[in-house]
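Undergrad: Using this note's numbering, the final residue of the sequence shown is 1039, and nothing's skipped along the way. We put the beta carbon where it would ideally sit given N, CA and C, even for glycine. Small disclaimer: the values here were computed from a predicted structure and weren't measured.
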Amino acid sequence: MQLEDIETIAVLGAGNMGHGIAEVAALAGYEVRLRDIKEEFVQSGYEDIVWSLEKLAEKEQISEEEAQDAEDRVTPLVDMEEAVGSADVIIEAVPEKMEIKQDVYGEVEEYAPDHAIFATNTSSLSITDLSEVSERPEQFCGMHFFNPPIRMQLVEVIYGEHTDDETIEVIEELAEDFGKSPVRVRKDSPGFIVNRILVPLMNEACWIVEEGEATIEEVDSTTKYDVGLPMGAFELGDQVGNDITYHVLEYMNEVEGEEYAPCPMLEEKVENEELGKKTGKGFYDYEDGDGADVP
Ligand code: 3HC
């Protein structure tokens, strides 16, 4: 398949990443089917897209017309057949659990056209293992966006052992057409490149506070103003979601060893559903869930 053949993109999962990816694809001119398992989830993702497009138009980063056209290109759906039945590319952004992803892949294979490429937005799981659950391992790769997708330039395009070169080339071209800068990742190792660096950094930040060496604010000032990250380590954790960081660490711990064991402080946040901006509370409090209170 060539880039020119791609008209319709299905995005599975309307959460933080899924709705952001759908928005990026719609702004690039593609017909987008945004799918989640419940009407309320898919509507919430769709409303987030509408909110974001309005915000971009207000700030004159896009025109009112571009915002409206992008909104019109997104169809929110629950039915899997409608979502993937005519898709040329399927981007999966469902929760970071192997079993959930496997269930979804089984359903996708029932309805997806043979030519469709399957790209997963997994943060860390093995592309090879995931591809072996699908019936198209050679047309399967990682397409890893960063949070928030509308603002982050990078996309990791990741080979599994079975991925063919044509799939990688088309997905790289697609990422460029989305206005992003793809980086090809040849080795399918846990966390790929970015999360292998960032997630242990966020875990180490938790250990520093857990062990009483510094406060959350002190760690964040250091990582933000001295190390030069755009956000402090804890702000970043709240941005990506503490459950995501936790699941990536759990997997890295399982595959790579003890040094990646999640800090108890992080575990506690997940148990208490203090997941960050998306739940209104994480390491910091967010009045209305949009992060207005981040110091
Ligand atoms: N759409 C439109 N507007 C949005 C928005 C969205 N989705 N989300 C937030 N905004 C708005 C806010 O409401 C705010 O609006 P206001 O000014 O009217 O109040 C405004 O955008 C904030 O934007 P600014 O440009 O003023 O903010 P910053 O310059 O601080 O940039 C940022 C924000 C781009 C998020 C920046 O802080 C940054 O780059 N942070 C680092 C993010 C990062 O590293 N992400 C990757 C994490 S790793 C990952 O995702 C991998 C995963 O697998 C774990």
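Does the pairing of the segment 818–835 with the segment 753–767 give three or more beta-carbon distances under 8 Å?
TA: yes
Undergrad: For residue 915, name the three-state secondary structure that DSSP assigns.
TA: The answer is helix: DSSP assigns residue 915 an H, G or I state.
Undergrad: So for residue 925, helix, strand or coil by DSSP?
TA: Residue 925 falls in the strand class under three-state DSSP.
Undergrad: With the cut-off set at 8 Å, would you say residue 980 and residue 946 are in Cβ contact?
TA: yes
Undergrad: Report whether the distance from the Cβ of residue 835 to the nearest heavy atom of the ligand 3HC is below 7 Å.
TA: no
Undergrad: Spell out the partners DSSP gives residue 824 in its beta bridges.
TA: DSSP lists no partner for residue 824.
Undergrad: Within 10 angstroms of the Cβ of residue 969, are there 16 or more other Cβ atoms? Answer buried if so, exposed if not.
TA: Label assigned to residue 969: exposed.
Undergrad: Given this structure, state the Cα-to-Cα distance separating residue 1012 from residue 987, to the nearest angstrom.
TA: 10 Å
Undergrad: Locate the beta strand (DSSP E) running through residue 817, then write down its first and last residues.
TA: No beta strand (DSSP E) contains residue 817, which is instead part of the alpha helix (DSSP H) from 808–817.
Undergrad: Beta-carbon within less than 6 Å of residue 868's beta-carbon, same chain only, minus the 5 sequence neighbours each way: which residues are those?
TA: 934, 935, 939, 992 and 995, listed in sequence order.
Undergrad: Note down the Cα distance separating residue 899 from residue 871, rounded to an integer number of angstroms.
TA: 15 Å
Undergrad: Straight-line CA distance for residue 1085 to residue 914?
TA: This structure does not reach residue 1085, given that the chain is present from 745 up to 1039, and the question cannot be answered.
Undergrad: Would residue 974 be called buried (16 or more neighbouring beta carbons within 10 Å of its own) or exposed?
TA: exposed
Undergrad: What are the start and end residues of each continuous alpha helix (DSSP H) run of 4 or more residues lying completely inside the segment 940–1006, in chain order?
TA: 960–965, 977–984 and 986–1000
Undergrad: Would you kindly report the start and end of the unbroken alpha helix (DSSP H) that includes residue 869?
TA: No alpha helix (DSSP H) holds residue 869; DSSP gives it neither H nor E.
Undergrad: Excluding five sequence neighbours on each side, which residues of the same chain lie with their C-beta closer than 6 Å to the C-beta of residue 764?
TA: The answer, listed in chain order, is 892, 893 and 894.
Undergrad: Just to confirm my understanding: we take residue 1007, look at its own chain, exclude 5 residues before and 5 after, and list those with CB closer than 6 Å. What are they?
TA: 947, 950, 951 and 954
Undergrad: For the alpha helix (DSSP H) holding residue 763, just list the boundary residues, first then last.
TA: Residue 763 -> alpha helix (DSSP H) spans 760–771.
Undergrad: Distance, Cα to Cα, residue 850 vs residue 857?
TA: 14 Å
Undergrad: Please check the pair residue 741 and residue 837, which I expect to be a contact at CB under 8 Å, by giving their CB distance rounded to whole angstroms.
TA: As displayed, the chain neither begins before 745 nor continues past 1039, which places residue 741 out of reach and without an answer.
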